[in-house]
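By the working numbering, the letter at position 89 of the sequence shown is numbered 101, and the numbering carries on one by one without gaps.
C-beta atoms are modelled at their ideal positions from N, C-alpha and C, and glycine is treated no differently.
What you are looking at is a predicted structure, and each value in this text was computed from that prediction instead of being measured.
Read through the structure below, which is laid out as structure tokens, and then see the notes.
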Amino acid sequence: MYINGPTSLHGAQSISGPHRAGGATQTLEPTSRFDTVDSLDISAEADIVSRVRETPDIRADKVAQIKAQIADGTYFSDDKLDIALERLLDEFG
């Protein structure tokens, strides 16, 4: 039978001659499950992405430490302000 599109359908076609299945000439020996070794190769990029996904988005310990320093008045220093100013100028320059 041939189907040519949604509107065209032809009748059954004749079968020419008897069909015989070819005999299998090669048999496969059963293999032990220990004959092969599975392996997995992970790229360096995938390893980095995996480690980044495992790290928390917010480091609560660091936030608490900085909040305590701000409350004590020890967080802001001339060195930190100089570094921040240099980074800001580097972004513009």
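Taking just the CA atoms, how far does Lys92 sit from Ser100? Before going further, note that residue 100 is Leu rather than Ser in the sequence given. Their Cα atoms are separated by approximately 12 Å.
I need the boundaries of the alpha helix (DSSP H) containing Asp50, first residue and last residue.
First-last for Asp50: undefined, no H or E at that position.
* What first and last residue would you give for the alpha helix (DSSP H) that runs through Asp90? -> Per DSSP, Asp90 is one residue of the alpha helix (DSSP H) stretching across 90-104.
Quiz prompt | As assigned by DSSP and simplified to three states, the class of Ile70 | solution = Coil.
Assuming contact is defined by CB atoms lying nearer than 8 Å, are Tyr87 and Ile95 in contact in what I supplied? Tyr87 places its beta carbon 8 Å or farther from that of Ile95.
*Note down, in chain order, each residue of its chain lying with its Cβ closer than 8 Å to the Cβ of Asp59, except the 5 sequence neighbours on either side.*
The beta carbon of Asp59 is closer than 8 Å to none in its chain, skipping five residues each way along the sequence.
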